[in-house]
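Protein chains in written order, with full-length UniProt numbering: chain A, 1 to 217; chain B, 1 to 217.
For glycine and all other residues, C-beta sits at the position ideal for the given N, C-alpha and C.
Report on the structure given below.
There are 2 protein chains.
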Amino acid sequence: MAHEKNISKAVIKRLPRYYRFLGELLNQGVTRISSRLLSEKMGITASQIRQDLNCFGGFGQQGYGYNVNVLYEEIASILGLDRQVDAILIGAGNLGRAVANHMEFEQRGFRLIGIFDENPALIGQTIKGVLVRSTDKIEPFCRVYHPTAAILCIPKTVTKEISDRLIDAGVKGFWNFSHYDLALNQKERGIVVENVHMSDSLMTLSYELKTLLSEEN
Amino acid sequence: MAHEKNISKAVIKRLPRYYRFLGELLNQGVTRISSRLLSEKMGITASQIRQDLNCFGGFGQQGYGYNVNVLYEEIASILGLDRQVDAILIGAGNLGRAVANHMEFEQRGFRLIGIFDENPALIGQTIKGVLVRSTDKIEPFCRVYHPTAAILCIPKTVTKEISDRLIDAGVKGFWNFSHYDLALNQKERGIVVENVHMSDSLMTLSYELKTLLSEEN
DNA sequence: TAGATTGTTAATCGATTAACAATC
DNA sequence: TAGATTGTTAATCGATTAACAATC
């Protein structure tokens, strides 16, 4: 809403973090906050916060600061958390089950409407109130329910094949936990992908520990 | 090794990704690669690849390209994947079990030596060959085995308390999956933290889908 | 040697920080 | 009004890209 200048990629990447911190403040009953105070909490400069928040409309007030609730709602709206998009989960192994149970989809702009797996032992079970179906049933399911997004918790060997099938079935967005890098050039096909590489983060920790431990000598 | 100029933060953040792509090439039996070819595979410019790889020593050869295996080993060494650091997992719920089973710690610079949970139903069980102990046993365990890193798959309400106990017990690095932002200022205490906010990535996908779908009109 | 491809410098671009006038 | 704090411009910093000489 409001004026919406150009929101840079760097700002977009920070929005979820702002959203989390503002939510935390709301929980604590804080109704207004200055850029300086928020900067202390988040560990970024007040200058950057003002620059960032000003990208999408003048929600601050000189001499007062920002209204936490207004800002929170505005960021939710920019991120699209104020609507829900239908999503299906492919792969109900350890990781898939953890994601299904752990993630608050409804508060993140999604609704989990189907789960699919190859393992006969899982098919017919229910996870978070959602029936686990055979992967054979992906296409007929999509013809009826038209999910917009898919969460991939499957081995990298089958990611290419499954994602191609899903794209054919009309899926537009992927949250990909498999180790296969779903190609970025999907963008040209009108597909968006968020690859989650948990092991990248573990390797970064390894690097940081290495650096830390060698500094200590 | 070699000359090691200053490796910038931006480069460090890309190293795990380089490492994954080079590993993939090795699997395919590729022994040499040019910056141009790698740039096509990874979706970044050849210029950036040369700039990046040159930060840590002249591993390329004019007219030839890069030796995939040499580069792979070099990045592993920079990230510290060529040694193993002892780690414990706190929280053996859905997410903890998924992380324990799913993650190849040994190939990422870590060795999982202990798992802790509060749930009596889990204590005494074994996950990936590692015994689940009561969280009461964290301190005595640490006195004997001195783990360097801890993986936190626990509710955000207990993260502060547990992490303080672990720091007192000598833990230096955290891989934190709880929704609590382990403070960055830990760095001053000689502690490193990698926070994994899976929901941030889901919110980013929500934003990208919103943008994509609104463009289509 | 000729062709390929790096290493490296210089130019560009974008993001962060500093500063302060505007204004609540 | 005086004090606080934003909005916004200008300055700085760092990262990316382009270009080409060096060299395998």
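Quiz item: Is Pro16 of chain B buried or exposed, if buried means 16 or more other CB atoms sit within 10 Å of its CB?
Solution: buried
Quiz item: Does DSSP put Lys13 of chain B in a helix, a strand or coil?
Solution: helix
Self-check item: Enclosing beta strand (DSSP E) for Gly129 of chain A [first to last residue]
Solution: Premise fails: Gly129 of chain A is in no beta strand (DSSP E) and is neither H nor E.
Quiz item: For Gly96 of chain A, which of helix, strand or coil comes out of DSSP?
Solution: helix
Exercise. Quick one: list the residues of chain A neighbouring Thr204 of chain B, beta-carbon separation under 9 Å, in chain order.
Key: Ile12, Lys13, Leu15, Pro16, Leu79, Glu194
Self-check item: Chain-ordered neighbours of Tyr19 of chain A on chain B, where CB pairs are closer than 9 Å
Solution: Asp200, Met203
Practice problem: Output, in sequence order along the chain, the residues in the stretch 83 to 108 of chain B whose CB is closer than 9 Å to any CB in chain A. | Solution: Arg83, Val85, Gly93, Asn94, Leu95, Gly96, Arg97, Ala98, Val99, Ala100, Asn101, His102, Met103, Glu104, Phe105, Gln107, Arg108
Quiz item: Is Lys172 of chain A near Ala149 of chain A, with beta carbons less than 9 Å apart?
Solution: yes
Exercise. Kindly indicate if chain A contains any beta-carbon less than 9 Å away from that of Lys160 of chain B.
Key: no
Exercise. Could you list the residues in the stretch 169 to 183 of chain A with a C-beta less than 7 Å from some C-beta on chain B, going in chain order?
Key: Lys172, Gly173, Trp175
Quiz item: Which residue or residues does DSSP assign as beta-bridge partners of residue 222 of chain B?
Solution: Residue numbering for chain B in the displayed model covers 1 to 217; residue 222 of chain B lies beyond these limits and cannot be assessed.
Quiz item: For Ile162 of chain A, which of A:Ala10, A:Ile88, A:Cys55 has the nearest alpha-carbon?
Solution: A:Ile88
Quiz item: So, helix, strand or coil for Asn69 of chain A, using DSSP?
Solution: helix
Quiz item: Can you give the Cα-Cα distance for Asn69 of chain A and Phe141 of chain B, rounded to whole angstroms?
Solution: 45 Å
Quiz item: Closest to Arg14 of chain B by CA distance: which of B:Leu112, B:Leu202, B:Glu40, B:Gln48 is it?
Solution: B:Gln48
Quiz item: CB Gln84 of chain B to CB Gly114 of chain B, shorter than 9 Å?
Solution: no
Quiz item: From B:Asn195, B:Phe56, B:Ser39, B:Gly80, pick the residue whose C-alpha is nearest to that of Phe105 of chain B; which is it?
Solution: B:Gly80
Quiz prompt | Cβ-based neighbour list, His3 of chain B, same chain, cut-off 6 Å, excluding 5 preceding and 5 following | solution = Because His3 of chain B carries a pLDDT of 41, less than 50, the predicted location of this residue cannot be relied on, and no value is offered for it.
Self-check item: Exposure of Val192 of chain B, with buried meaning 16 or more beta-carbon neighbours within 10 Å
Solution: buried
Practice problem: Could you tell me whether the Cβ of Glu118 of chain B comes closer than 9 Å to any Cβ of chain A? | Solution: no
Quiz item: In chain order, which alpha helix (DSSP H) runs of at least 4 residues are fully inside the stretch 20 to 77 of chain A?
Solution: 35 to 42, 46 to 55
Quiz prompt | Residues that Phe110 of chain B contacts on chain A, provided the C-beta gap is smaller than 8 Å | solution = Leu202, Ser206
Quiz item: Hey, would you say Arg111 of chain A sits closer than 9 Å to Asp86 of chain A, going by beta carbons?
Solution: yes
Practice problem: Could you give the DSSP three-state label for Gly81 of chain B: helix, strand or coil? | Solution: The amino acid at residue 81 of chain B is misidentified as Gly; the sequence shows Leu. Residue state, collapsed to three classes: coil.
Self-check item: Buried or exposed by the 16-neighbour rule on C-beta atoms within 10 Å, applied to Ser214 of chain B
Solution: exposed
Quiz item: By the criterion of Cβ-Cβ separation under 8 Å, what are the contact partners of Ala149 of chain B in chain A?
Solution: Leu205, Leu209
Practice problem: Give me the Cα-Cα distance between Ile78 of chain A and Ser206 of chain B, rounded to the nearest whole angstrom. | Solution: 10 Å
Quiz item: So what does DSSP say about Ile7 of chain B, is it helix, strand or coil?
Solution: coil
Quiz item: How would you list, in chain order, the residues of chain A whose beta-carbon sits under 9 Å from the beta-carbon of Gly190 of chain B?
Solution: Leu212, Glu215, Glu216
Practice problem: Compare the C-beta of His146 of chain B against all C-beta atoms of chain A and say whether one is closer than 9 Å. | Solution: no
Quiz item: Looking at Asn176 of chain A and Thr159 of chain A, is the spacing between their C-beta atoms short of 9 Å?
Solution: yes
Quiz item: Counting only beta-carbon atoms, is Gly43 of chain A nearer than 9 Å to chain B?
Solution: yes
Quiz item: The alpha helix (DSSP H) spanning Asp136 of chain B covers which residue range?
Solution: Where Asp136 of chain B is concerned, there is no enclosing alpha helix (DSSP H), given that its DSSP letter is neither H nor E.
Quiz item: Considering only C-alpha positions, which residue in the set A:His179, A:Val196, A:Thr157, A:Asp136 is nearest to Ala169 of chain A?
Solution: A:Asp136
Exercise. Compare the C-beta of Met1 of chain A against all C-beta atoms of chain B and say whether one is closer than 9 Å.
Key: Only weak support is given to the placement of Met1 of chain A: the predicted model assigns it a pLDDT of 37, under 50, and the question is left unresolved by the model.
Quiz item: Roughly how many angstroms lie between the CA atoms of Met1 of chain B and Asn54 of chain A, to the nearest whole one?
Solution: Summary for Met1 of chain B: the model assigns pLDDT 37, below 50, so the residue's position carries little reliability; its value from the coordinates is reported in the next sentence. Between Met1 of chain B and Asn54 of chain A, the C-alpha separation is close to 45 Å.
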